[in-house]
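Counting in the numbering used here, the sequence shown runs from 91 upward without gaps. For every residue, glycine included, the Cβ atom is placed at its ideal position computed from N, Cα and C.
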Amino acid sequence: MMHSVMFVSSIVRYGGGERWMIDAAEGLKRKGHRVLLVSRPGSVLHEKARQVNIECRTVEMRGDLDPFAIANLTRLIRSFDPDIVCPNLDREIRLCALSILAAGRLRGAKTLQRGGGIKLIPRRGSEFPLKNKFHYRFFYTRFVHKIIANSRATKETMLSLTPWFPRCKVAVVYNGIDVAVYDRLRNSKTIIKERLRSFLGLANDTTLITLVGELNERKGHRFVIEAADRVLNSHPNVRFLFVGEGDARKEIERMLEERQLHRYYFLLGFRNDISEILTASDILVLPSRVEGFGYVLVEAMAAGIPIVASCASSIPEIVEEGKTGFLHEVGDSAGIADGICRLVADEKLAEAMGEAGFVRVKEQFTLEKMLDQLERVFFLS
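Spelled out as structure tokens, the structure:
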């Protein structure tokens, strides 16, 4: 049976939550459902939606009770007539709830209600608790049908201050990726590895340790820099790649200059070829302080490389300690160095962990599995 889903995001930049919306919208459309993606004018999300032929509209959303946003969302709801509205942030939940109510009053179509009508099902992708404030309690208890959390850690943290929201109404749906992309790349792994090293001016036998993520304090780049001396003393053939942009770039460059490590590190900035970079890398490192769901962890496992990561947030739900990688406490630079050195020194161990990660992705984190679970939450709950 075909259903209609309206995704709503007020975020201008493009991150994990926005990528999830594109993947979910594109996948549901492919399965025969009607999909509409609503975003702010000039957002990266809007451009990405256009590129993959997802029906999209723009609405400026400046605040929780923005009357112009509510009026525009109301018109879209009346014309598109969705079964599900899936917002991303708390602000969008309030805007969507009021817009659905307005659409129901203005036209005798579906109205927001428990047990029927339009279902308001937001997705939470960040590990922050719901605030125990009146307007949160009011909108979540009266209007939210269910919540999608991208990990058990996100669910537990979200509910930590909110005994008033039923646990049974939070469904964990892990992010999924298209593993076929990595299957194709693995067949050309040697060529891809040589191509990246040639681009960087490195010998083909250079070991590449890669961190993919926005350059900010949360991702823990400083801990990888602090681990460098210990790694390079044992394995001088190692080089580090930081892939991403962000506010911490100057601070990272300063640290590298102070420690005279700049020739061992490459800051590649924002890249569109992450799958190729991971395929060409030997180890992924992710020392995050907090992580809603690390897409890059799943991508690294699909690329067949082992992982050295912190045990923050949802990371232990993805990376199996001693099987697909090594975990360390947040901020443990010595633990990062130990994990890297063990993998660099033992090629067979690194290969076995990479292969175990690939198997785990195909069992737990495929796009198809995510879409099947999403359909159950949206249409059968």
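Please state the DSSP three-state secondary structure of residue i.
i: G359; result: strand
i: E411; result: strand
i: L301; result: strand
i: E217; result: coil
i: C401; result: coil
i: S94; result: strand
i: P157; result: helix
i: L249; result: coil
i: K236; result: coil
i: L191; result: helix
i: K121; result: coil
i: I183; result: helix
i: I267; result: strand
i: V175; result: strand
i: K223; result: coil
i: L196; result: For L196, the predicted model reports a pLDDT of 42, less than 50, meaning its position is unreliable; a value from the coordinates is still stated below. L196: helix per DSSP, three-state reduction.
i: R130; result: coil
i: F255; result: coil
i: F468; result: helix
i: A472; result: Here the chain comprises residues numbered 91 to 471, so residue 472 is not present and cannot be evaluated.
i: R379; result: coil
i: R274; result: helix
i: T244; result: helix
i: V260; result: strand
i: E455; result: Reading off the sequence, residue 455 comes out as Phe, not Glu. In this structure, F455 counts as coil in the three-state DSSP scheme.
i: L292; result: coil
i: R152; result: coil
i: R147; result: strand
i: I208; result: coil
i: I373; result: strand
Measure how close the beta-carbons of residue i and residue j come, nearest whole angstrom, since I'm counting them as under 8 Å.
i: I183; j: V234; result: 7 Å
i: V386; j: I408; result: About 10 Å; that fails the 8 Å criterion.
i: F218; j: T247; result: 7 Å
i: F383; j: G106; result: 7 Å
i: K245; j: I211; result: Actually they are not in contact, since the Cβ atoms of K245 and I211 sit about 14 Å apart, beyond 8 Å.
i: A402; j: V420; result: 5 Å
i: L185; j: D156; result: 7 Å
i: Q405; j: E381; result: The residue you asked about is not Gln; residue 405 is Ile in the sequence shown. Going by Cβ atoms, the distance from I405 to E381 rounds to 6 Å, so yes, they are a contact pair.
i: G394; j: E445; result: 6 Å
i: V134; j: E108; result: 7 Å
i: L286; j: I364; result: No, L286 and I364 are not in contact; Cβ-Cβ is about 12 Å, not under 8 Å.
By how many angstroms is the C-alpha of residue j removed from the C-alpha of residue i?
i: I373; j: R432; result: 11 Å
i: G169; j: A159; result: Gly is not the amino acid found at residue 169; the sequence shown has Ser there. Cα to Cα, S169 sits roughly 15 Å from A159.
i: H136; j: C146; result: 7 Å
i: T361; j: W254; result: Correcting the residue type first, residue 361 is Arg in the shown sequence and not Thr. Computed Cα separation, rounded: 43 Å.
i: D319; j: T297; result: 15 Å
i: A270; j: A261; result: 27 Å
i: L346; j: I315; result: 7 Å
i: K138; j: D113; result: 11 Å
i: R274; j: E465; result: 28 Å
i: I174; j: L249; result: 23 Å
i: M111; j: V102; result: 13 Å
i: A427; j: V321; result: 6 Å
i: R450; j: M443; result: 10 Å
i: G198; j: R213; result: Confidence at G198 is low in this model, with a pLDDT of 40, below 50, so its placement is unreliable and the value that follows should be read with caution. Answer to the nearest angstrom: the Cα atoms are 28 Å apart.
i: E307; j: A317; result: 16 Å
i: L196; j: R124; result: Per-residue confidence for L196 stands at a pLDDT of 42, beneath the threshold of 50, marking its modelled position as unreliable; the derived number appears in the next sentence. In a straight line, the C-alpha of L196 is about 23 Å away from that of R124.
i: A193; j: R130; result: 20 Å
i: N480; j: V149; result: Since the first residue shown for the chain is 91 and the last is 471, residue 480 is missing from the structure and cannot be characterised.
i: R349; j: N323; result: 14 Å
i: C176; j: A424; result: 42 Å
i: E343; j: L290; result: 18 Å
i: L188; j: T164; result: 8 Å
i: R227; j: Y272; result: 43 Å
i: P239; j: A293; result: Inspection of the sequence shows that residue 239 is occupied by Ala rather than by Pro. Roughly 43 Å separates the two Cα atoms.
i: R329; j: L461; result: 38 Å
i: G507; j: L439; result: Only positions 91 to 471 of the chain appear in the structure, and residue 507 is not among them; the question remains open.
i: Q454; j: L470; result: 21 Å
i: D180; j: T252; result: 14 Å
i: D337; j: R276; result: 33 Å
i: R257; j: S216; result: 17 Å
Within 8 Å of any Cβ in chain C, is that where the Cβ of residue i sits?
i: E182; result: Looking at the structure shown, chain C is missing, and only one protein chain is on hand.
message: Across the segment 349-368 and the segment 410-424, are there enough close Cβ pairs to call them in contact, namely three or more that are closer than 8 Å?
response: Output reads no: the segment 410-424 does not touch the segment 349-368.
- prompt: Does the segment 277-297 come within contact of the segment 311-320, defined as at least 3 CB pairs closer than 8 Å?
  reply: Per the Cβ contact rule, the segment 277-297 is not in contact with the segment 311-320 (fewer than 3 Cβ pairs under 8 Å).
message: Which runs of the alpha helix (DSSP H) at least 4 residues long sit entirely within the segment 317-356? Give them in chain order.
response: DSSP runs (the alpha helix (DSSP H)) wholly in the segment 317-356: 339-348.
query: When the Cβ atoms of the segment 333-341 are set against those of the segment 288-307, are three or more pairs found closer than 8 Å?
result: In this structure the segment 333-341 touches the segment 288-307; the number of beta carbon pairs closer than 8 Å is three or more.
message: Tell me whether the segment 118-131 and the segment 93-108 touch, counting them as touching only if at least three CB pairs, one residue from each stretch, are closer than 8 Å.
response: The segment 118-131 and the segment 93-108 touch, with no fewer than 3 CB-CB distances between them shorter than 8 Å.
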